[in-house]
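Participant:
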DNA sequence: TAGTGGTCTAGACCACATG
DNA sequence: ATGTGGTCTAGACCACTAC
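Protein chains in written order, with this note's numbering: chain A, 23 to 252; chain B, 23 to 252.
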């Protein structure tokens, strides 16, 4: 049960960095010194340090050496849960109701100029509307969307199983509920809602644009930053 | 200007996967076959495929082979910009005003039972309040906080330079502005605001808890998912 | 210019899971 | 049982850059 040597090297420096023992800007030993200390070949040391560099914990500069990176403020991992299991986990019953489905030519956005299916619906938890969804799906990229049974399965869930995206942008804002949204969600107009807008691609082909408006009091997003594996 | 061989191997499979040429579940050639095709050693192939595996694009199983991974829905990279440069980039003038600074013993949360400094202040863009901030900073972890000049530099910026965190949780919700918040931000009570709550640690020591309430009409968060490097 | 990391080789032994 | 990936070695040459 002895862990790989490269892992032990990586974990040792990981610990020293996270504990503050090696503060940001500190210099690590050279590969030669680490080789000698662990009695291993240079390739093993190189792979261990490369992993730390990929993870952003260290920064390597030729001729100068290897240094503990200044922490990057600007990136955390955002959890993007699927609504159905999330609501089921709360002990509530999930449902989706499709209110509109039509074809149209998109005028703007990353789907501009393409024929698309326009889908509007509501996500429910125990008969309480918790989110309204307005979606465009490229017919060129997803011709099968016409045959999908979207009466109960949310378009997002269906899409994910049939045409998983490889690239996505998400924009998160707070908005006041529009009158129609408010009535669907059982709110008063202007009540705070979380608005999530997402554009997705597969390779370079745009797939879908979706705008989801969630009741502010029953939905939250969670993000995490940390060393991750260890 | 010839790219490293390992990179070329990695990029080739990356492209085939993202284009859908190699769909999820498809099997990649064995390392032996790739060695032969590129005329390189096995180590080079191994490093290229390991990088793809770390990135989550492929999955490697002994005796079975290497396969294109089923895409993971549930994680995107959330950009967490520092407010000052963000506002400067808009061509506005940034300022922070500290309204309260006191010591207290925290009762709940990840700082429970610890003495802390309680800081309340407002972020401004061109004299318009755009966010109110309520923060607790552990005195045990950051004794220097007492000496910090927080009159103009936001506590978050100061903290980042002096005690960078290594781990953080963020919760994003939509809330209605409380009366006091509304008056500070020039809103009416109940107007939609984006609420960001973050807990941070350095190693296992809790550092700070912060709740920021942003004007819904002048702040947004952006997240991205994609192959990243290429 | 000398020391650092970046990359690569041509082997090797091992663990493991599948056929 | 066998073929796959996991890891490691003991070298090597090169590019870059801080000294």
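All C-beta atoms, glycine included, are put in the ideal place defined by N, C-alpha and C. The structure displayed is predicted, hence computed values, not measured ones.
1. Can you check whether the C-beta of residue 66/A is within less than 8 Å of a C-beta belonging to chain B?
2. What did DSSP end up calling residue 202/A once you bin it into helix, strand or coil?
3. Would you list, in chain order, the members of the stretch 83-105 of chain A that have their beta-carbon closer than 8 Å to a beta-carbon of chain B?
4. Check whether chain A comes within 8 Å of residue 246/B, counting only Cβ atoms and requiring the distance to be less than that.
5. Quick one, are the C-beta atoms of residue 173/B and residue 120/B less than 8 Å apart?
6. Can you list, in chain order, the residues of its chain with a C-beta nearer than 7 Å to that of residue 70/B? Leave out the 5 residues immediately preceding and following it.
7. Note down the Cα distance separating residue 218/A from residue 72/A, rounded to an integer number of angstroms.
8. Considering only the alpha carbon of each residue, which of 139/B, 168/B, 166/B lies closest to residue 158/B?
9. Tell me the rounded alpha-carbon separation between residue 61/B and residue 88/B.
10. Does the distance from the CB of residue 92/B to the CB of residue 42/B come in under 8 Å?
11. Quick one: which residues of the stretch 167-191 of chain A get their C-beta closer than 8 Å to a C-beta of chain B? List them in chain order.
12. Residues of chain A with CB closer than 7 Å to the CB of residue 196/B, please, in chain order.
13. CB-CB under 6 Å to residue 177/B, same chain, minus the five flanking residues each way: which ones, in chain order?
14. Spatial neighbours of residue 240/B within its chain, please: C-beta separation below 7 Å, excluding the five flanking residues on both sides.
15. Hey, does residue 252/A have any beta-carbon neighbour from chain B nearer than 8 Å?
16. Do residue 246/B and residue 99/B come within 8 Å of each other at the CB atom, strictly closer than that value?
17. Tell me residue 154/B's beta-bridge partners as DSSP assigns them.
18. Just checking: is the beta-carbon of residue 30/B within a distance shorter than 8 Å of some beta-carbon in chain A?
19. Use the C-beta contact count for residue 199/A: other C-beta atoms within 10 angstroms, 16 or more gives buried, fewer gives exposed.
20. Okay, do the stretch 215-233 of chain A and the stretch 161-171 of chain A touch, 3+ Cβ pairs below 8 Å being the bar?
21. Hey, is residue 233/A's beta-carbon within less than 8 Å of any beta-carbon in chain B?
22. Hey, does residue 123/A have any beta-carbon neighbour from chain B nearer than 8 Å?
Facilitator: Let me lay it out:
1. Residue 66/A does not count as touching chain B.
2. Here DSSP, grouped into helix, strand and coil, assigns residue 202/A to helix.
3. The stretch 83-105 of chain A vs chain B, Cβ under 8 Å: 92, 93, 95, 96, 97, 98, 99, 100, 101, 102, 103, 104.
4. Using a CB distance cut-off of 8 Å, residue 246/B counts as an interface residue toward chain A.
5. Yes, they are a contact pair.
6. Closer than 7 Å at the Cβ level, and outside the excluded window around residue 70/B, lie 28, 31, 32.
7. Each residue's alpha carbon lies about 36 Å from the other.
8. For residue 158/B, the closest alpha carbon among the candidates 139/B, 168/B, 166/B is that of 139/B.
9. Cα to Cα, the separation comes out at about 19 Å.
10. No, the Cβ-Cβ distance between residue 92/B and residue 42/B is not below 8 Å.
11. So the list reads 182, 186, 187, 188, 189, 190, 191, given in the order they occur along the chain.
12. For residue 196/B, the neighbours in chain A by C-beta distance under 7 Å run, in chain order, 196, 214, 215, 216, 238.
13. Closer than 6 Å at the Cβ level, and outside the excluded window around residue 177/B, lie 141, 157.
14. For residue 240/B, same chain residues with a beta-carbon under 7 Å away, outside a window of 5 residues either side, are 152 in chain order.
15. Summary for residue 252/A: the model assigns pLDDT 34, below 50, so the residue's position carries little reliability; its value from the coordinates is reported in the next sentence. Cβ-Cβ to chain B under 8 Å: no for residue 252/A.
16. Taking 8 Å as the Cβ cut-off, residue 99/B and residue 246/B qualify as a contacting pair.
17. Under DSSP, residue 154/B shares a beta bridge with 144/B, 235/B.
18. Chain A, which has no Cβ nearer than 8 Å to the Cβ of residue 30/B, makes this no.
19. It counts as buried.
20. In this structure the stretch 215-233 of chain A touches the stretch 161-171 of chain A; the number of beta carbon pairs closer than 8 Å is three or more.
21. Not closer than 8 Å to any Cβ of chain B, the Cβ of residue 233/A fails to qualify, so no.
22. So no, residue 123/A is outside the interface.
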